[in-house]
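Line order of the protein sequences matches chains D and R.
At the far end of the first sequence sits residue 226, using the UniProt record's numbering, and the numbering has no gaps.
At the far end of the second sequence sits residue 226, using the UniProt record's numbering, and the numbering has no gaps.
C-beta atoms are modelled at their ideal positions from N, C-alpha and C, and glycine is treated no differently.
Number of protein chains: 2
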Amino acid sequence: MSMGRNKLLVKRIESPTTRQVIYSKRKDGIVKKANELSILCDTDVGLIMFSPTGRLTSFASNGRVEDIFLRFINRPDELKGGPISNEEALEDELHKVNRQLREKQEKMSYYNPNVEKIGSLFEAGVHQQFLENAIQHIGQSKAKLVGSRIVQQPNDDVEAAPFCVANDDSYRDESENPDIRRDPSSVEQYGEEICSMGPHLSLNFLKAQKNWNLSGGGQAPKLGIK
Amino acid sequence: MSMGRNKLLVKRIESPTTRQVIYSKRKDGIVKKANELSILCDTDVGLIMFSPTGRLTSFASNGRVEDIFLRFINRPDELKGGPISNEEALEDELHKVNRQLREKQEKMSYYNPNVEKIGSLFEAGVHQQFLENAIQHIGQSKAKLVGSRIVQQPNDDVEAAPFCVANDDSYRDESENPDIRRDPSSVEQYGEEICSMGPHLSLNFLKAQKNWNLSGGGQAPKLGIK
DNA sequence: CCGTCTATTTATAAGCT
DNA sequence: TAGCTTATAAATAGACG
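Below, the structure is given as structure tokens:
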């Protein structure tokens with residue numbers, strides 16, 4: 001479907017280097033096409049591409065990809081009534097995300113509640129329930145890892161655990177000059193984000209735990225606490 | 001810059017009909033290119049186009065354009081060029097809240113981790129530590145409420161707790177499955193409804209927990225928690 | 001309005017530097 | 001690594017049904 005010396009078969013390119021090379025070329029080609037389309041037809045076009053190595057390239061016939069995207073998000077509304085301003089769109093987005101945040105916090109409160117606010121034994125029980133459940137989960141995976149022993153001793157074997165947090169942080173290299181070419185607005189960026197909400201143990205996180213909100217002197221959760 | 005019978009000059013096409021025709025053809029071409037790029041290079045590509053008449057066409061190598069866009073907007077560093085306006089503040093807010101959301105999610109993962117992802121005993125230990133710690137605190141408040149008894153038995157009355165998980169995560173899971181390359185999700189017209197983050201802790205949620213039951217026979221949630 | 005056909009222009013895979 | 005060149009595959013403007 002492409003062009004060049006050989007007929008192209010649309011399948012993932014295995015060679016990392018070749019893949020990167022092909023990406024660079026085609027990326028430019030698509031940006032060019034997108035730009036042409038927006039000019040020829042006088043329309044809004046938004047494009048976002050991530051290179052195999054995580055570099056980002058975006059294009060927006062207008063100013064920013066955000067704007068194009070917001071129009072996209074608001075599509076239903078646009079169809080229903082008059083156009084909605086970007087500001088309103090942004091507000092919607094903000095509210096949406098805020099709601100998600102609140103939900104997360106509420107949920108979190110069941111695991112790490114503010115003790116001061118617990119007003120009844122029943123409530124305390126509820127919190128415990130969540131925590132116990134969670135512990136059971138961990139116990140299971142732990143058992144799986146060990147082979148299936150010590151499943152009923154959540155604390156013991158943790159005491160001696162060596163403090164060897166693996167990984168992470170370090171995504172802010174910015175080692176190069178992103179040569180920004182100003183056609184309409186094609187931008188490239190670096191750095192990949194790994195925002196999986198999965199559990200990753202990072203030193204940053206552990207360090208950030210100093211403000212453990214609890215009545216009796218919240219300790220920094222050093223792994224050896226008991 | 002295009003091709004065909006005549007050399008193309010990149011200038012807005014005046015004839016409305018011709019413009020529309022050209023748009024249709026090129027739109028398909030770009031979608032095709034975007035799809036090829038995503039397959040050949042195994043990367044994320046998001047594309048949004050509005051026809052001269054306002055019709056929307058979108059493409060996403062993955063599932064939804066929204067996802068690609070979120071990956072875009074959640075970038076730690078913004079280099080997105082473009083005009084600055086009143087929306088700036090809102091956007092900053094959006095970014096900030098998004099960041100908080102991610103942090104919350106990460107933190108949450110320590111209490112309610114994805115067991116499958118735990119890769120070592122150490123990690124399991126860390127998670128347990130957090131939970132144990134939290135339980136201790138609950139126990140304290142409980143003791144305070146009762147007067148000061150059974151303070152050191154965070155487990156006893158919960159031991160028999162049924163296995164009920166307040167599993168969250170609503171969007172994740174995606175993982176790698178390059179095999180299934182369905183025709184790219186190129187959508188025309190519109191489509192909305194963005195991710196409403198999964199379950200939140202609300203009375204409704206609690207009620208839904210069939211296995212809900214505290215040692216003493218938890219009543220239908222009358223918690224005054226919120 | 002939509003698919004087809006075809007002459008030309010483009011895009012670009014390989015090579016080469 | 002990054003361009004530059006060239007032979008070819010693709011994309012597509014315009015015409016037609």
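Residue i: first and last residue of the uninterrupted beta strand (DSSP E) it sits in
{"i": "Gly46 of chain R", "result": "Val45 to Phe50"}
Residue i in three-state terms, based on DSSP
{"i": "Ser15 of chain D", "result": "coil"}
{"i": "Val187 of chain D", "result": "strand"}
{"i": "Val10 of chain D", "result": "coil"}
{"i": "Met42 of chain D", "result": "Residue identity check: residue 42 of chain D is Asp in the sequence provided, not Met. DSSP places Asp42 of chain D in coil when its eight states are reduced to three."}
{"i": "Met108 of chain R", "result": "helix"}
{"i": "Ser24 of chain D", "result": "helix"}
{"i": "Gly29 of chain R", "result": "helix"}
{"i": "Arg102 of chain D", "result": "helix"}
{"i": "Thr53 of chain D", "result": "coil"}
{"i": "Met3 of chain D", "result": "coil"}
{"i": "Lys96 of chain D", "result": "helix"}
{"i": "Asp168 of chain D", "result": "Legend: pLDDT at Asp168 of chain D = 31, less than 50; position of this residue unreliable, value from coordinates given subsequently. Asp168 of chain D: coil per DSSP, three-state reduction."}
{"i": "Glu192 of chain D", "result": "Here the model assigns Glu192 of chain D a pLDDT of 41, short of 50, so the residue's position is not dependable, and the following value carries that caveat. Three-state DSSP puts Glu192 of chain D in coil, outside helix and strand."}
Residue range of the unbroken alpha helix (DSSP H) whose run includes residue i
{"i": "Leu56 of chain R", "result": "No alpha helix (DSSP H) contains Leu56 of chain R, which is instead part of the beta strand (DSSP E) from Leu56 to Ala60."}
{"i": "Arg71 of chain D", "result": "Val65 to Ile73"}
{"i": "Gly125 of chain R", "result": "Leu121 to Val146"}
Whether residue i touches residue j by CB criterion (8 angstroms)
{"i": "Leu37 of chain R", "j": "Val31 of chain R", "result": "no"}
{"i": "Gly4 of chain R", "j": "Lys33 of chain D", "result": "no"}
{"i": "Lys104 of chain D", "j": "Lys96 of chain R", "result": "no"}
{"i": "Arg55 of chain R", "j": "Ile39 of chain D", "result": "no"}
{"i": "Ala60 of chain R", "j": "Ile73 of chain R", "result": "no"}
{"i": "Thr43 of chain R", "j": "Ser51 of chain R", "result": "no"}
{"i": "Lys142 of chain R", "j": "Leu121 of chain D", "result": "yes"}
{"i": "Gln128 of chain R", "j": "Ile48 of chain D", "result": "no"}
{"i": "Tyr111 of chain D", "j": "Ala134 of chain R", "result": "yes"}
{"i": "residue 283 of chain R", "j": "Leu131 of chain D", "result": "This structure cannot speak to residue 283 of chain R, because chain R is shown only from 1 to 226."}
{"i": "Arg19 of chain D", "j": "Cys41 of chain R", "result": "yes"}
{"i": "Leu8 of chain D", "j": "Ser2 of chain D", "result": "yes"}
Proximal chain D residues relative to residue i, where beta-carbon distance stays under 8 angstroms
{"i": "Arg19 of chain R", "result": "Leu40, Cys41 and Asp42"}
{"i": "Arg12 of chain R", "result": "Ile39, Leu40, Cys41 and Asp42"}
{"i": "Arg5 of chain R", "result": "Here the premise fails: no neighbours, minimum Cβ distance about 15 angstroms."}
{"i": "Arg26 of chain R", "result": "Lys33, Glu36, Leu37, Leu40 and Cys41"}
{"i": "Asn62 of chain R", "result": "The contacting residues do not exist; Asn62 of chain R stays about 10 angstroms from chain D at best."}
Chain-ordered neighbours of residue i on chain D, where CB pairs are closer than 9 angstroms
{"i": "Ser15 of chain R", "result": "Per Cβ cutoff of 9 angstroms: no residues; Ser15 of chain R is ~11 angstroms from chain D at best."}
{"i": "Gly29 of chain R", "result": "Lys33 and Leu37"}
Heavy atom of the ligand FAD within 7 angstroms of residue i beta-carbon
{"i": "Asn112 of chain R", "result": "This structure simply doesn't include the ligand FAD, nor any ligand for that matter."}
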